[in-house]
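A.B. asks: Quick one: this structure, given as structure tokens, is what I'll be asking you about.
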Amino acid sequence: MVELAAVQRLGVLAAEAPERRREFLVRRAAAADRYVDADVPDVADWEADVVLDAVHYARALLEYDLAHGAGLGPVAAGAVCWRSDPRGYVRQEHRAWLQAGCERPSGRMKGRRAAEEFFPEKGSQGKEVGESRRLCRRCHRRSEVARLGRSAVVDTT
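Position in the sequence shown counted from 1, then plus 20, gives you the working numbering.
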């Protein structure tokens, strides 16, 4: 939960500072990917939403890296293997991001970034905007599951 809160704060910061966008995408996609494998009750609607979230954020990271020529991992974003396994790309990039020293293994950010991350400016309206956008995307994905059926969102990894 701490990671999700930090990622949400980073999303607000990324809206104001484009250079933080990739970090947000990597961390958000990695958090969603780990959430798929979390030990929770077997509820079909919940599972479909979680898998859709993970794939959605994985594809967003892939698209960003393709458009900006970004990526830290050994296999480039344009590789054919990532078309069928976008979550695998997220795992590669998150691992490379951690190895590059972007975050301590304990999960605590270094120096000034930690202060910006955990003590955002008060009074910012970015959080409310971000929350409403997140809910809108979630509703859209739920309607896709209802329209396409659960078999359309089965994880291929």
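By construction, the Cβ of each residue, glycine as well, lies at the ideal position given by its N, Cα and C atoms.
What you are looking at is a predicted structure, and each value in this text was computed from that prediction instead of being measured.
Over what stretch of residues does the alpha helix (DSSP H) that includes A51 continue unbroken?
C.D. replies: Taking the sequence shown and counting its residues from 1, one reaches residue 51 at position 31. R41 to V56 is the span of the alpha helix (DSSP H), which, as asked, contains A51.
A.B. asks: Would you report the Cα separation of D69 and Q119, rounded to the nearest angstrom?
C.D. replies: On the sequence shown, position 49 is the one that residue 69 refers to. On the sequence shown, position 99 is the one that residue 119 refers to. Distance between the alpha carbons of D69 and Q119 is about 30 Å.
A.B. asks: On the premise that D53 lies in contact with R107, defined as a C-beta separation below 8 Å, what is that separation, rounded to the nearest angstrom?
C.D. replies: Position 87 of the sequence shown, counted from the first residue, corresponds to residue 107. Position 33 of the sequence shown, counted from the first residue, corresponds to residue 53. Going by Cβ atoms, the distance from R107 to D53 rounds to 5 Å, so yes, they are a contact pair.
A.B. asks: Which of helix, strand or coil does DSSP assign to H160?
C.D. replies: Counting from 1 along the sequence shown, the entry for residue 160 is found at position 140. Because H160 sits at a pLDDT of 44, beneath the cut-off of 50, its placement in the model cannot be relied upon, and the following sentence gives the value as read from the coordinates. Looking at H160 - three-state DSSP - the assignment turns out to be helix.
A.B. asks: When you compare each of G89, E67, V75 and H88 to R18 by their alpha carbons, which one comes out closest?
C.D. replies: The requested residue 18 does not occur in the structure, where the chain is confined to residues 21 to 177.
A.B. asks: In three-state DSSP terms, what is G98?
C.D. replies: Taking the sequence shown and counting its residues from 1, the one referred to as residue 98 is at position 78. Coil.
A.B. asks: From W66 to A51, what does the alpha carbon distance come to, in whole angstroms?
C.D. replies: If you number the sequence shown from 1, residue 66 lands on position 46. If you number the sequence shown from 1, residue 51 lands on position 31. The straight-line gap from Cα to Cα measures roughly 16 Å.
A.B. asks: Between E39 and H88, what straight-line distance do the alpha-carbon atoms span, to the nearest angstrom?
C.D. replies: Here residue 39 refers to the residue found at position 19 of the sequence shown. Here residue 88 refers to the residue found at position 68 of the sequence shown. Near 11 Å, if we compare the C-alpha coordinates of H88 and E39.
A.B. asks: In this structure, how does DSSP classify L81 when only helix, strand and coil are distinguished?
C.D. replies: Taking the sequence shown and counting its residues from 1, the one referred to as residue 81 is at position 61. Reduced to three states, the DSSP call for L81 is helix.
A.B. asks: Under a Cβ-count criterion, where at least 16 other Cβ atoms within 10 Å of its own Cβ denotes burial, should V46 be classed as buried or exposed?
C.D. replies: Position 26 of the sequence shown, counting from 1, holds the residue named residue 46. Counting Cβ neighbours within 10 Å, V46 comes out buried, since at least 16 surround it.
A.B. asks: Please report how far the alpha carbon of A90 lies from the alpha carbon of Y84, in whole angstroms.
C.D. replies: Mapped onto the sequence shown, residue 90 falls at position 70. Mapped onto the sequence shown, residue 84 falls at position 64. About 8 Å.
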